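Protein sequence lines correspond, in order, to chains A and B.
full-length UniProt numbering applies: residue 1 is where the first sequence begins, and numbers increase by one.
full-length UniProt numbering applies: residue 1 is where the second sequence begins, and numbers increase by one.
Glycine included, each C-beta is placed from N, C-alpha and C at the ideal position.
Being a predicted model, the structure only gives us computed values, none of them experimental.
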Amino acid sequence: MALSTVLETPVAGFDFENAARNAALEGLLEKGQAPKPLKTGTTIAGVVFKDGVVLGADTRATSSEVVADKMCAKIHYIAPNIYCCGAGTAADTEKTTDLLSSNLTIFSLNSGRNPRVVMAINILQDMLYRYKGHIGANLILGGVDCTGNHLYTVGPYGSVNKVPYLSMGSGDLAALGILEDRFKSDMQLEEAKDLVRDAIHAGIMCDLGSGNNIDICVITKQGVDYIRPYQESEYVDNRKRQYKYRPGTTPVLTEKIVPLKLEVVEQTTQQMDSA
Amino acid sequence: MEKHYADSQTKGVSTGTTILAVTFDGGVIIGSDSRASIGGEYVSSKTINKLIQLHDQIFCCIAGSLADAQAITKAAKFHLSFHSVQMENPPLVMAAASVLKELCYKNKEELQAGFITAGWDRKKGPQVYVVSLGGMLISQPFTIAGSGSTFIYGYTDAKYKPNMTREECQQFAINALTLAMGRDNVSGGVVHLVVITEKGVEHVVVPGDKLPKFHDE
Numbered sequence: 001m002a003l004s005t006v007l008e009t010p011v012a013g014f015d016f017e018n019a020a021r022n023a024a025l026e027g028l029l030e031k032g033q034a035p036k037p038l039k040t041g042t043t044i045a046g047v048v049f050k051d052g053v054v055l056g057a058d059t060r061a062t063s064s065e066v067v068a069d070k071m072c073a074k075i076h077y078i079a080p081n082i083y084c085c086g087a088g089t090a091a092d093t094e095k096t097t098d099l100l101s102s103n104l105t106i107f108s109l110n111s112g113r114n115p116r117v118v119m120a121i122n123i124l125q126d127m128l129y130r131y132k133g134h135i136g137a138n139l140i141l142g143g144v145d146c147t148g149n150h151l152y153t154v155g156p157y158g159s160v161n162k163v164p165y166l167s168m169g170s171g172d173l174a175a176l177g178i179l180e181d182r183f184k185s186d187m188q189l190e191e192a193k194d195l196v197r198d199a200i201h202a203g204i205m206c207d208l209g210s211g212n213n214i215d216i217c218v219i220t221k222q223g224v225d226y227i228r229p230y231q232e233s234e235y236v237d238n239r240k241r242q243y244k245y246r247p248g249t250t251p252v253l254t255e256k257i258v259p260l261k262l263e264v265v266e267q268t269t270q271q272m273d274s275a
Numbered sequence: 001m002e003k004h005y006a007d008s009q010t011k012g013v014s015t016g017t018t019i020l021a022v023t024f025d026g027g028v029i030i031g032s033d034s035r036a037s038i039g040g041e042y043v044s045s046k047t048i049n050k051l052i053q054l055h056d057q058i059f060c061c062i063a064g065s066l067a068d069a070q071a072i073t074k075a076a077k078f079h080l081s082f083h084s085v086q087m088e089n090p091p092l093v094m095a096a097a098s099v100l101k102e103l104c105y106k107n108k109e110e111l112q113a114g115f116i117t118a119g120w121d122r123k124k125g126p127q128v129y130v131v132s133l134g135g136m137l138i139s140q141p142f143t144i145a146g147s148g149s150t151f152i153y154g155y156t157d158a159k160y161k162p163n164m165t166r167e168e169c170q171q172f173a174i175n176a177l178t179l180a181m182g183r184d185n186v187s188g189g190v191v192h193l194v195v196i197t198e199k200g201v202e203h204v205v206v207p208g209d210k211l212p213k214f215h216d217e
């Protein structure tokens, strides 16, 4: 291939190399049950506006009922002009977007061209379709390229849809209500940011799996504004986090100095080659 | 998102759908609704595109799993494009339908998608082919498919006439799709039509409020 996007073409068919290893590991664990994968119960949303695309996400990552990460970054970098929000299994969204980003960088270097959003979508679709839904990644991909402002969604089975506005994740229905009500084509920047913020906020309020802060990413032809966090949760904890004490806080009662006797047991010299 | 996938037969997004293609005097009209659903209870898209262009004057419409259908049409587009470069001639509609059929038949265990292919070529003029789930390929003067088609077999059998004019055919297609969308819960949205003739291709979109109203609406 003149313009290879990957270092090597993937082998045809599925690669379930790890299945045997996983089965062996499960046998070693007590109760024989593998730990549940970390899922990002999530609200993510994207909106196309007059000059570009706005992507938004909450920042809570849950592991069953426990909040595993309060400031998780769900808006992933793909290319200087393309960002991607991910919902579903956290590891899958991270790795998939990482792979995509690397492939697009190689392509850019080889071809001398900036990547287009359609190319990113095609690569994602091919990869997710090949794995038949076993990669649990629901992605919203947004970007601005020479052909315009684009917002796409990719499902875990490999279905693609091009849309002007969208939300995904466990809080998607709450966010979608806000988007359906107030979306207009060709909005201004501030209006679009407010709309996405309100949509994510609705997801945070009405969904247990979403919460904490709101991240916003604005992509335009001029550049990217990744505001993290755009809005902090009002339920912030007030821990000091710094526990430095002034010298003399603890009174010194007595002082005793004991010199330690050290004898040389063995001495070796190693020649280093510094040619 | 898993809560949306109830116990539907299709995994992921499905195009529970109504699609049709009808030949008329001088061309063929291919049409579809625009709804994509998950688990038969959540509409994941109101504006999905089910009319895919395989070549300049050959279109196909998709039913079944959206992921499978998009993957198959991608491969089919590539094969057809390569075939037409080798033949130094635009492909026949039969060739497009056969490519889809080979993909569906050879991988029938894993795939869940059906297609209607329609187009115009120099050899046989306007044609319609249907490739069903298991890979059967047949040619018909008009055909309907998808979950919503069951509701309009009577209507289409009664109202179809060979060699209609373009306007008559367009109205026939719009009426059929509207009736199906009115009764099938997983079909809906707008009506997309593509009219293919010797001269070229024309898209017609009929939004929900411009659709004809029938009894009880």
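- Hey, is V13/B's beta-carbon within less than 7 Å of any beta-carbon in chain A? yes
- Is it true that the CB of D33/B sits closer than 7 Å to the CB of S149/B? no
- Message: Excluding the 5 residues flanking M1/A on each side, which residues of the same chain have their C-beta closer than 6 Å to its C-beta?
- Response: Legend: pLDDT at M1/A = 42, less than 50; position of this residue unreliable, value from coordinates given subsequently. Correct list: empty, nothing qualifies.
- Inter-residue spacing [alpha-carbon to alpha-carbon] between M1/B and I38/B: Residue placement at M1/B is poorly supported in this model, since its pLDDT is 38, which falls under 50; the coordinates are not used for a value here.
- Query: Using the rule of at least 16 other Cβ atoms within 10 Å of the residue's Cβ for burial, across every protein chain shown, is H55/B buried or exposed?
  - Reply: buried
- Item | Contained beta strand (DSSP E) runs [length at least 3] in the region 42-95 of chain A, N- to C-terminal order | 44-49, 52-58, 61-63, 66-69, 75-79 and 82-89
- First and last residue of the uninterrupted beta strand (DSSP E) at L151/A: G148 to V154
- Query: Can we say the region 243-252 of chain A touches the region 108-117 of chain A, given the rule of at least three CB pairs closer than 8 Å?
  - Reply: no
- Using the beta-carbon of each residue, which ones in chain B are nearer than 7 Å to Y77/A? None at all; the shortest Cβ gap to chain B is about 24 Å.
- Item | Endpoints, the alpha helix (DSSP H) within which N161/A is located | N161/A -> not in any alpha helix (DSSP H); beta strand (DSSP E) instead, spanning V160 to K162.
- Item | Nearest-angstrom Cβ-Cβ length linking A87/A and L100/A, presumed shorter than 8 Å | Between L100/A and A87/A the Cβ distance is about 16 Å, and since that is not below 8 Å, they are no contact.
- Query: List, in order along the chain, the chain B residues whose C-beta lies closer than 9 Å to that of G133/A?
  - Reply: K11, G12 and A67
- Given 8 Å, three or more beta-carbon pairs between the region 75-84 of chain B and the region 44-55 of chain B: yes
- Report buried or exposed for F82/B, applying the criterion of at least 16 other Cβ atoms within 10 angstroms of its Cβ. exposed
- Message: If you measure between the beta carbons of residue 347/A and L176/A, is that distance less than 7 Å?
- Response: In the structure displayed, chain A extends from 1 to 275; residue 347/A sits before or after that span and is not available.
- Mind reading off the beta-carbon distance from T105/A to A137/A? Whole number of angstroms is fine, and I expect it under 8 Å. The pair is not a contact, with the Cβ atoms about 20 Å apart (cut-off 8 Å).
- Inspect the beta-carbon positions of I174/B and V194/B and report whether they are closer than 7 Å. no
- Task: Output the boundary residues of the beta strand (DSSP E) element that contains I178/A.
- Result: No beta strand (DSSP E) holds I178/A; the alpha helix (DSSP H) holding it covers D172 to R182.
- Selected residue, minimal CA-CA separation from K161/B, among F172/B, F151/B and Y153/B: F172/B
- Item | Three-state class that DSSP yields for R130/A in the structure shown | helix
- Task: Establish whether the CB of L3/A and some CB of chain B are separated by less than 7 Å.
- Result: Residue placement at L3/A is flagged as unreliable, the pLDDT there being 49, under the threshold of 50; the coordinate-derived value follows with that caveat. Closer than 7 Å: no.
- Residues in the region 46-71 of chain B with C-beta within 9 Å of chain A's C-beta atoms, listed in sequence order? T47, I48, N49, S65, L66, A67, D68, A69, Q70 and A71
- Query: Distance, Cα to Cα, K261/A vs I227/A?
  - Reply: 59 Å
- Message: Below 7 Å on C-beta distance, what does T152/A contact in chain B?
- Response: Looking at the sequence itself, residue 152/A is Tyr, so the reference to Thr does not match. Within chain B, no residue comes near Y152/A; the closest Cβ sits about 12 Å away, beyond 7 Å.
- Whether D68/B touches Q112/B by CB criterion (7 Å): yes
- Query: With A21/B and I58/B assumed to form a contact (beta carbons below 8 Å), what rounded beta-carbon distance in angstroms separates them?
  - Reply: Rounded, the Cβ-Cβ distance is 11 Å, inconsistent with contact.
- Could you check what DSSP says for I48/B in three-state terms: helix, strand or coil? coil
- Message: Could you tell me the alpha carbon to alpha carbon distance between D225/A and F49/A, rounded to whole angstroms?
- Response: 15 Å
- Taking C-alpha atoms, which residue in S63/A, T254/A and H134/A lies nearest to D15/A? H134/A
- Is there contact here, the region 228-243 of chain A with the region 257-273 of chain A, by at least three beta-carbon pairs under 8 Å? no
- Amino acids of chain B, ordered along the chain, whose beta-carbon sits closer than 8 Å to that of S167/A: Chain B residues near S167/A: none, gap ~11 Å exceeds 8 Å.
- Message: Under 9 Å, CB to CB, which of the residues in the region 218-240 of chain A have a partner in chain B?
- Response: none
- Could you tell me whether any Cβ in chain B is nearer than 7 Å to the Cβ of N161/A? yes
- Assign I116/B to one of three DSSP states: helix, strand, or coil. strand
- Cβ-Cβ distance between T59/A and N213/A below 7 Å: yes
- Message: Taking 8 Å as the limit between beta carbons, can you name the residues of its chain near A79/A, skipping five residues before and five after?
- Response: S101, L104, T105, S108, N114, P115, A120 and G143
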